[in-house]
Amino acid sequence: MQAIAEIEKNREDRRRAMAKAKRERERESLMNEKLGHPGDVDFQRMIKTFREQNKDKSRPHTAEENTKITICVRKRPVNAKEVKKHDYDAITCLNPMAIVHDCKLKVDGITKYLDSNAFNFDHTFDENATNESVYKYTALPLIKFIFHAGGHATVFAYGQTGSGKTHTMQGIQSQIAADVFAQADEFTKRGYPLDICVSFFEIYGGRCQDLLHRQVLTIREDGAGEVQIVDLEEVQPQNTDELLQVIEKGNSLRTTHATEVNDVSSRSHCICQINLREKGTGRVHGKLSLIDLAGSERGEDTKNHNRQRRLESAEINRSLLALKECFRCVLEIYRE
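Numbered as in UniProt numbering, the sequence shown ends at 336 without a single skipped number.
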């Protein structure tokens, strides 16, 4: 009889524990909903625990000024559309790693577990990173390079539509505007005056267009194998405010359309070129290209597009694939 009573007691204890756990899950789920973090409570707990246990693995950012290629990842917050679908944050940034959490079920179809995969980059920035901190470790070293080494440098913003490329690029552009003129003033004081010349163009549907002067351009390759944009015009701002106005104008004229993922999706590749030209001769001393690429799209995200949007998406994905192959070739040369 005593053994039976013990079994009954254990069974009742388990029932109470399960009921308590259920109430806690429901309470936590409601709290997450109020905080704008809906979705599976158990998986969110696992991810939270992972972050608490691994937070010390994140390393401080350091500026790398002698590297030829720097690859960075910036994580954006979960957006309103994702919250509405009860999606949740499954990416952890522990600089220089980005960890992707894959939430899975075991073969019993009930037990949940977390499969976490880490990817290494030069820098990773989480959703709390500011445009200023991103700029400091990505584009700022390039400003110094084009002035002091007289070279050519490029910043690419690459990612899926709605991932925050344009937000990041415009933040970088505003920081660059101030630093370019600060560096130019230093060179003028040293007796080496430079003009800041800016051009803005987009590539949309295989067509190249000057955004500042609203004319179609032709792309050619010269005898040295360099790409030349025929008839691309430059403007010459005289100070930071004028450069910001030029950048704002160029960005405002870019081709955008609403898509399944993004209400204001950039549908063109947008290139802002800043040339440092020697006063008098016009010779290019240094050049910085800021390229905000159109976002790639998965087939799933284009199923409700009209014909024009689908053609755009196909063209964008083809051009990004070609660019990816260029990156691979450059990387092979870099490794050698």
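Every residue gets a Cβ at the ideal spot worked out from N, C-alpha and C, and that includes glycine.
Quick check on Arg16: buried or exposed, where buried means 16 or more other Cβ atoms within 10 Å of its Cβ? exposed
What residue range does the beta strand (DSSP E) around Ala98 cover? 97–105
Run through the DSSP bridge pairs and tell me what Cys197 is partnered with. Asn275
For Cys326: DSSP bridge partner residues: Note: Cys326 sits in no beta bridge, so no partner.
Could you pull out every residue in the same chain whose Cβ sits closer than 6 Å to the Cβ of Ala177, ignoring the five residues on either side in sequence? Thr240, Leu243, Leu244
Paired residues, beta bridge with Ile219 - DSSP: Ile229
Is DSSP giving Glu52 helix, strand or coil here? helix
Does the Cβ of Phe145 lie closer than 7 Å to at least one heavy atom of the ligand MG? Looking at this structure, you won't find the ligand MG or any other ligand, since it has none at all.
List the whole-angstrom C-beta distance separating Thr67 from Ser289, where the pair is believed to meet the contact cut-off of C-beta under 8 Å. The pair is not a contact, with the Cβ atoms about 18 Å apart (cut-off 8 Å).
Need the endpoints of the alpha helix (DSSP H) that Ile172 sits in, please. 165–189
Leaving out five residues on either side along the sequence, give the residues of the same chain with a beta carbon under 8 Å from the beta carbon of Ser133. His61, Phe125
Beta-carbon gap between Glu234 and Cys197 smaller than 8 Å: yes
According to DSSP, which residues form a beta bridge with Asp118? Just to set this straight, residue 118 is Ala in the shown sequence, not Asp. Its beta-bridge partners are Ile99.
What does a CB cutoff of less than 8 Å around Tyr334 pick up in its chain, not counting 5 residues either side in sequence? Lys68, Ile69
Work out the CA separation of Leu194 and Gln44 for me, nearest whole Å. 54 Å
Can you name, in chain order, every residue of its own chain whose Cβ lies under 6 Å from the Cβ of Tyr204, other than the five neighbours on each side? Thr255, Ser268
In the DSSP output, what is Val284 paired with across the bridge? Arg277
Glu202 - partner residues in DSSP beta bridges: Gln209, Cys270
Within 8 Å, do at least three Cβ pairs link the stretch 108–119 to the stretch 135–148? no
By how many angstroms is the C-alpha of Arg214 removed from the C-alpha of Ile99? 43 Å
So, is Ser252 buried or exposed, given that buried needs 16 or more other C-beta atoms within 10 angstroms? exposed
DSSP beta-bridge partners for Lys112? Leu105
Of the residues Ile316, Phe156, Met46, Asn95, the one placed nearest Ala129, counting alpha carbons only: Asn95
Count the CB pairs spanning the stretch 274–290 and the stretch 147–164 that are closer than 8 Å, and state whether there are at least three. yes
Go to Thr240, then tell me how far its beta strand (DSSP E) extends in each direction, as first and last residue. From DSSP, Thr240 is part of no beta strand (DSSP E) but of the alpha helix (DSSP H) over 240–252.
What is the DSSP secondary structure of Thr67, counted as helix, strand or coil? coil
Distance between Ala5 and Glu12 (C-alpha atoms, nearest Å): 10 Å
CA-CA distance, Asn79 and Gly164? 11 Å
Gly162 versus Arg27: straight-line alpha-carbon distance, rounded: 32 Å
In angstroms, rounded to a whole number, what distance separates the CA positions of Glu202 and Lys104? 42 Å
At what residues does the beta strand (DSSP E) containing Ala153 begin and finish? 152–157
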